[in-house]
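*Asks:* So that we are looking at the same thing, I have put the structure below in structure tokens.
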Amino acid sequence: MNISEQQLNNMMSAVTTALQPLIRALPVTPVEWADQNYYLPKESSYGEGEWKTLPFQIAIMNCMG
Numbered sequence: 524m525n526i527s528e529q530q531l532n533n534m535m536s537a538v539t540t541a542l543q544p545l546i547r548a549l550p551v552t553p554v555e556w557a558d559q560n561y562y563l564p565k566e567s568s569y570g571e572g573e574w575k576t577l578p579f580q581i582a583i584m585n586c587m588g
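Mapped onto the working numbering, the consecutive letters of the sequence shown carry residue numbers 524 to 588.
Written out as structure tokens, the structure is:
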């Protein structure tokens, strides 16, 4: 089979795009997830803003997840 460099690049790009949904994200602990994603709203918490895990919460949160 004789294909050009451009065709080969296009095929590799198509395969890479097709396989993207199959890539799994690395697992994270509940503490890592909360620190990266959780936000405290002002309506339901004393202090509004990003979640900051306190040292005593680490073991408790990781046991839950």
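Ideal placement from N, C-alpha and C gives every residue a C-beta, glycine not left out.
Helix, strand or coil for leucine 497? Go by DSSP, reduced to three states.
*Replies:* The chain is shown only over 524 to 588; residue 497 falls outside these bounds and no answer can be derived.
*Asks:* Going straight from the alpha carbon of glutamate 528 to that of valine 551, what length do you get?
*Replies:* Position 5 of the sequence shown holds residue 528. Position 28 of the sequence shown holds residue 551. Between glutamate 528 and valine 551, the C-alpha separation is close to 40 angstroms.
*Asks:* On the DSSP bridge list, what partners appear for glutamate 566?
*Replies:* Here residue 566 refers to the residue found at position 43 of the sequence shown. Answer is none; glutamate 566 lacks a bridge partner.
*Asks:* Less than 7 angstroms between C-beta atoms, sequence neighbours within five positions excluded: which residues of the same chain meet that for glycine 570?
*Replies:* For the purposes of this step, residue 570 is taken as residue 47 along the sequence shown, with counting starting at 1. Correct list, in chain order: Leu563.
*Asks:* So what does glycine 572 bridge to, in DSSP terms?
*Replies:* For the purposes of this step, residue 572 is taken as the residue at position 49 of the sequence shown. Glycine 572 pairs with Leu563.
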